[in-house]
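Numbering (this note's numbering), first residue to last: 8 to 284. Virtual Cβ for every residue (Gly too), placed ideally from N, Cα, C. Here the structure is laid out as structure tokens; the discussion comes afterwards.
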């Protein structure tokens, strides 16, 4: 059975994202591990070792109690059988512990929530989510606060046509197939990119030749502004999931090194699926 790791901070947004995780778990026939990472307040150098230990134990007990209550709500909202849901409480730095826990348990997927209310990555996804995305070995599914929990029909993979696009497309298609969804591979390139036309055309044909199924489509869209091109595609085609490959100088970084307009961040509310290429 596959395993999904769901980190939670017990917020309202986490409850919403956990329902999405439950939907994914049902379709993947996966178990879910609910994780809370607790820390302690800043400790004064004058505090005694036993006081520090008490702080840690108090926070651990509080985290355990909160996670038990959260798990009850999760089971009620998702309808998953209790035997497929477990809990973990860990102490440490949040993003590091999420990644380390996922590796230790060989998780197949991490699902995380985000508020999604700003036009800058470090405030939109949050610094913890950003760090997890960059370091995670398994795919990370980010769920904005206002993302709809509905039937997934279309996955949009914004391919940058760098490195191994066949393998990357296969990864996205593999998840899309679980939901019976289409996989739309779209490469948006700048009008002014020099000497790239033949390479882009060759890559698009290669993907199309390998993935001849009706559930996979490949498009190349020249635009004066790549970000605006992506937003226009999302408005027009209304995908349910935006998939992004993560690697050095990836499209992911190109998008969020630039401010993104209100539509893409505040109106689209698209869940984002990231994976290492």
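| query | result |
| --- | --- |
| Drop a sphere of 10 angstroms on the beta-carbon of residue 212, count the other beta-carbons inside from all chains shown, and report buried for 16 or more, exposed for fewer. | exposed |
| With contact counted as at least three CB pairs below 8 angstroms, one residue from each stretch, are the region 236-246 and the region 94-109 in contact? | no |
| Could you pull out every unbroken alpha helix (DSSP H) segment of at least 4 residues lying fully inside the region 83-163, listed in chain order? | 101-111, 128-131 and 134-142 |
| Is it buried or exposed for residue 91, if we count other Cβ within 10 angstroms and need 16 for buried? | buried |
| Just how far apart, CA to CA, sit residue 164 and residue 114? | 22 angstroms |
| Does the distance from the CB of residue 177 to the CB of residue 227 come in under 9 angstroms? | no |
| Compare the Cα-Cα distances from residue 120 to each of 16, 219 and 221 and report the closest residue. | 16 |
| With DSSP as the reference, please indicate the residues paired to residue 46 in a beta bridge. | In the DSSP output, where bridge partners are listed per residue, residue 46 has none listed. |
| Among 39, 96, 97 and 186, which has the Cα closest to the Cα of residue 81? | 39 |
| Looking at the unbroken beta strand (DSSP E) that takes in residue 24, where does it start and where does it end? | Looking at the DSSP string, residue 24 is not in any beta strand (DSSP E); the run it does join, the alpha helix (DSSP H), is 19-35. |
| Can you give the Cα-Cα distance for residue 102 and residue 214, rounded to whole angstroms? | 35 angstroms |
| Taking 9 angstroms as the cut-off, decide whether the C-beta atoms of residue 87 and residue 33 are in contact. | yes |
| Within 10 angstroms of its Cβ, does residue 157 collect 16 or more other Cβ (buried), or is it exposed? | exposed |
| Consider the C-beta atom of residue 76 and the heavy atoms of the ligand ATP; say whether any pair is separated by less than 8 angstroms. | For the ligand ATP, the structure offers nothing, since it holds no ligand at all. |
| According to DSSP, is residue 15 part of a helix, a strand, or is it coil? | coil |
| Could you check if residue 83 is buried or exposed, using at least 16 other CB atoms within 10 Å of its CB as the buried criterion? | exposed |
| Roughly how many angstroms separate the alpha carbons of residue 14 and residue 145, rounded to a whole number? | 14 angstroms |
| Tell me which residue opens and which closes the beta strand (DSSP E) that residue 277 is part of. | That residue, residue 277, is in no beta strand (DSSP E); it is neither H nor E in DSSP. |
| Where does residue 252 fall in DSSP's three states? | strand |
| Determine which residues share a DSSP beta bridge with residue 191 and list them. | 163 and 224 |
| Roughly how many angstroms lie between the CA atoms of residue 36 and residue 89, to the nearest whole one? | 13 angstroms |
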